[in-house]
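With the first letter of the sequence shown counted as 1, position 174 gets the number 487 in our numbering; the numbers rise by one all the way through. The beta carbon of each residue, even a glycine, is placed where N, CA and C say it ideally should be. Here the structure is a predicted model, which means the values were calculated and not measured.
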Amino acid sequence: MNIQLLHNEMLNKGICFQVGLTSLELEAIEQLFAFHFPPDLKDFLKHGLPISENEWEFPHWREALYKDKAKHILMEKLSWPQEGIAFDIQNGFWLDRWGAAPEEISDRLAIFEDNFKAYPQMIPIYAHRYIPTTPFESGNPVFSIMQTDIIYYGTNLINYFCNEFNLDKKLYNQAQETPKHIKFWSYLTELDDNQD
């Protein structure tokens with residue numbers, strides 16, 4: 314991934330950057346939130362940290378290390394995917410792979426929460442766009458997650474930024490044609506496709 318070219322194109326679209334996160338900051342963030350950035354996202358954030366006034370757009374990773382409000386917002390963003398699915402479960406959503414749905418909503422939520430522990434954690438990139446922590450390698454797809462309305466928004470990180478910010482097409486030659494399969498999350502995108 315040509316990070317400098319990507320940053321330049323994003324700057325041309327009016328996106329602002331701070332100095333990139335240091336290795337120590339990245340390590341502290343990973344410890345604070347108990348996850349690991351995929352390598353390509355880590356390289357991107359080291360090169361420059363995209364910022365926005367609205368804390369619900371670009372994550373305020375650096376601020377989360379020393380400001381309680383930023384830390385709290387990031388905790389909410391990290392829990393958003395699970396909470397959104399739990400909300401839909403309370404309104405009738407259920408997957409056969411979880412077994413027969415119990416009558417009590419509290420029992421359904423307990424089964425879901427137990428299963429959810431085995432699914433790749435999602436890291437926010439921008440607004441409700443997320444990238445999985447596993448597999449721990451570059452090239453993971455980016456998902457748009459709104460409760461159980463989940464779609465691919467990029468086959469990999471560079472493809473995602475091109476799609477989200479309408480970047481120059483010359484960056485597309487670095488994008489994968491098809492997204493990697495991600496446990497659970499890819500299945501939910503297929504459910505969405507089957508409902509069309």
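Spatial neighbours of residue i in its chain, beta-carbon cut-off 6 angstroms, leaving aside the 5 residues before and after
i, result
"Q331", "L362, I364"
Spatial neighbours of residue i in its chain, beta-carbon cut-off 7 angstroms, leaving aside the 5 residues before and after
i, result
"K496", "Y432, P433"
Buried/exposed call for residue i, threshold 16 Cβ in 10 Å
i, result
"N321", "exposed"
"L337", "exposed"
"A377", "buried"
"M323", "buried"
"K430", "exposed"
"H441", "buried"
Beta-carbon spacing of residue i, residue j below 7 angstroms
i, j, result
"P372", "N453", "no"
"H360", "G327", "no"
"E464", "T502", "One detail in the question is off: residue 464 reads as Ile in this sequence, not Glu. Yes, the Cβ-Cβ distance between I464 and T502 is below 7 angstroms."
"R421", "I402", "yes"
C-alpha distance - residue i paired with residue j, whole-angstrom precision
i, j, result
"W411", "F425", "7 angstroms"
"T335", "W407", "42 angstroms"
"P445", "E417", "31 angstroms"
"S392", "K380", "19 angstroms"
Cutoff 8 angstroms; reference residue i; Cβ partners in own chain excluding five residues on either side
i, result
"E343", "H349, F350"
"L484", "N315, L318, L319, E322, I471, F474, C475"
- [ ] Only counting runs of 4 or more residues, tell me where the alpha helix (DSSP H) segments fall wholly within the segment 418-481, in order along the chain.
- [x] 418-429, 470-478
Task: Contained beta strand (DSSP E) runs [length at least 3] in the segment 346-432, N- to C-terminal order - done: 361-364
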